[in-house]
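A.B. asks:
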Amino acid sequence: MAREPVYDVLTGLVRTIFLVQGLRIDIAGQDHIPRSGGAVLAVNHTAYLDFMEVGLVGRKSHRNVRYMMKAELEHGIVGFLMKHCKAIGVDRTAGAESYSRAVQALRDGELVVVYPEATISRSFELKEFKSGAARMAIEAEVPIIPLVIWGAHRVWTKDIPKQLGRNNFPINIRIGDPIPPAGPTDELTATLRSRMDDLLTRAQDDYPMDPGARWVPARLGGTAPTPAEAAVLEQEELARRRAAKAKQSGH
23 MAREPVYDVL TGLVRTIFLV QGLRIDIAGQ DHIPRSGGAV LAVNHTAYLD
73 FMEVGLVGRK SHRNVRYMMK AELEHGIVGF LMKHCKAIGV DRTAGAESYS
123 RAVQALRDGE LVVVYPEATI SRSFELKEFK SGAARMAIEA EVPIIPLVIW
173 GAHRVWTKDI PKQLGRNNFP INIRIGDPIP PAGPTDELTA TLRSRMDDLL
223 TRAQDDYPMD PGARWVPARL GGTAPTPAEA AVLEQEELAR RRAAKAKQSG
273 H
């Protein structure tokens with residue numbers, strides 16, 4: 023692994039944060055992360071900071087993962103960090119360019135992180151998947167590695183008070199076998215979602231749940247929104263954002 027000073031500093035900071043918070047991270051399947059070569063790292067999305075756990079997984083296999091991040095963040099200190107960590111800016115008005123950059127990074131042997139759900143799941147169940155991960159893997163001819171994180175949403179997620187101090191939360195990370203980039207895109211996407219659903223079940227099976235807690239899925243006796251209720255909340259949030267954007271632009 024080539025030295026990347028900025029990435030090294032950020033990794034040290036993340037490890038310090040985890041130590042201060044007392045996070046107890048349990049990883050199964052680390053050997054599925056390749057030591058070299060390109061791959062799509064497909065990750066579920068339940069928390070604002072779950073990217074930090076993904077970076078930790080990469081470093082344990084002596085890899086620096088490459089995140090796909092909003093292009094509007096490419097300025098100031100965040101822009102500096104994105105540049106020096108080789109993040110891939112995603113411009114929703116020029117999606118083809120962002121996609122091409124990600125495919126090229128995969129061909130260059132990078133681990134590119136993709137969140138197939140696109141946005142945080144308020145139900146903490148898997149949402150419907152976008153096809154980007156499958157399309158990238160097929161075009162770049164690299165495998166998809168499914169990865170599920172469970173417990174990070176207890177630190178900071180949507181609609182629940184943050185717990186950024188010392189919380190001693192356990193966090194389970196489960197990594198599945200690489201999926202070959204074969205077959206039609208929709209079939210590969212369905213296979214990916216099925217594999218990640220199995221990994222999520224495994225991550226939850228030995229996790230100490232708190233019945234009635236807001237961070238526990240309704241299916242497991244918690245008070246999190248059901249997937250249908252979460253979809254309604256997401257549409258309401260989207261409508262508010264559009265209204266605010268329209269107001270700022272004077273329309």
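Per this note's numbering, the sequence shown runs over residues 23 to 273. Quick reminder that beta carbons are idealized off the backbone N, C-alpha and C, glycines included.
So is P206 buried or exposed if we call it buried at 16+ other beta carbons inside 10 Å?
C.D. replies: Exposed.
A.B. asks: Taking 8 Å as the threshold (C-beta atoms), are L242 and Q257 in contact?
C.D. replies: Contact flag unset, no.
A.B. asks: Please report the straight-line C-alpha distance between G198 and Y229, rounded to a whole angstrom.
C.D. replies: Approximately 18 Å between the Cα atoms of the pair.
A.B. asks: Buried or exposed: which applies to H84, given that a residue is buried once 16 or more other Cβ atoms fall within 10 Å of its Cβ?
C.D. replies: Exposed, since its Cβ has fewer than 16 Cβ neighbours within 10 Å.
A.B. asks: Is the stretch 142 to 155 close to the stretch 52 to 66, with three or more CB pairs under 8 Å?
C.D. replies: Segments in contact, yes.
A.B. asks: Does any heavy atom of the ligand FMN sit closer than 7 Å to the C-beta of N189?
C.D. replies: Among the components of this structure there are no ligands whatsoever, and the ligand FMN is therefore not found.
A.B. asks: Specify the secondary structure class of L133 as computed by DSSP and reduced to three states.
C.D. replies: The answer is strand: DSSP assigns L133 an E or B state.
A.B. asks: For R46, I'd like the list of residues in its chain whose CB is within less than 8 Å of its CB, leaving aside the five on either flank, ordered along the chain.
C.D. replies: Here the set comprises N190, F191, P192 and I193.
A.B. asks: As a quick exercise: from V170, L133, I166 and V136, pick the residue whose alpha carbon is nearest that of E19.
C.D. replies: Not covered by the structure: residue 19. The range shown for the chain is 23 to 273.
A.B. asks: Answer yes or no: do T68 and I160 have a C-beta to C-beta separation smaller than 8 Å?
C.D. replies: No; because the gap between Cβ atoms is not below 8 Å, this pair is not in contact.
A.B. asks: Any idea if L35 is buried or exposed, counting beta-carbon neighbours within 10 angstroms, 16 or more meaning buried?
C.D. replies: With fewer than 16 other Cβ atoms within 10 Å, it is exposed.
A.B. asks: Please go through the stretch 188 to 273 and give each complete alpha helix (DSSP H) segment of 4 or more residues, from N-terminal end onward.
C.D. replies: For the stretch 188 to 273, whole alpha helix (DSSP H) runs of length 4 or above, ordered along the chain, are 207 to 227 and 249 to 271.
A.B. asks: Looking at the unbroken beta strand (DSSP E) that takes in D72, where does it start and where does it end?
C.D. replies: Careful: D72 lies outside any beta strand (DSSP E), inside the alpha helix (DSSP H) at D72 to K82.
A.B. asks: Can you tell me which of the three DSSP states P168 falls into?
C.D. replies: Strand at P168.
A.B. asks: Is the Cβ-Cβ distance between V136 and I110 less than 8 Å?
C.D. replies: No, the pair does not count as a contact, with Cβ atoms beyond the cut-off.
A.B. asks: Measuring alpha carbon to alpha carbon, tell me which of K108, W178, A174 and D181 ends up nearest V87.
C.D. replies: For V87, the nearest C-alpha among the options comes from K108.
A.B. asks: Excluding the five sequence neighbours on either side, which residues of its own chain have a C-beta within less than 6 Å of the C-beta of S249, listed in chain order?
C.D. replies: Before going further, note that residue 249 is Pro rather than Ser in the sequence given. The residues are S145 and E147.
A.B. asks: Kindly indicate which three-state DSSP category A155 falls into: helix, strand or coil?
C.D. replies: Here A155 sits in helix by DSSP.
A.B. asks: Output the boundary residues of the beta strand (DSSP E) element that contains G59.
C.D. replies: Segment: none, G59 is in no beta strand (DSSP E) and carries neither H nor E.
A.B. asks: DSSP on V112, reduced to helix/strand/coil?
C.D. replies: In the structure shown, V112 sits in a strand (DSSP, three-state: E or B).
A.B. asks: Taking C-alpha atoms, which residue in P138, A140, K149 and P165 lies nearest to R129?
C.D. replies: Minimum Cα distance to R129 is reached at P165.
A.B. asks: Quick one, are the C-beta atoms of I167 and I49 less than 8 Å apart?
C.D. replies: No.
A.B. asks: Run through DSSP, which three-state label would I142 get?
C.D. replies: If DSSP states are grouped into helix, strand and coil, I142 belongs with coil.
A.B. asks: What residues are listed by DSSP as bridge partners for A69?
C.D. replies: Answer is none; A69 lacks a bridge partner.
A.B. asks: Exposed or buried, which one is G272 when buried takes at least 16 other CB atoms within 10 Å?
C.D. replies: It counts as exposed.
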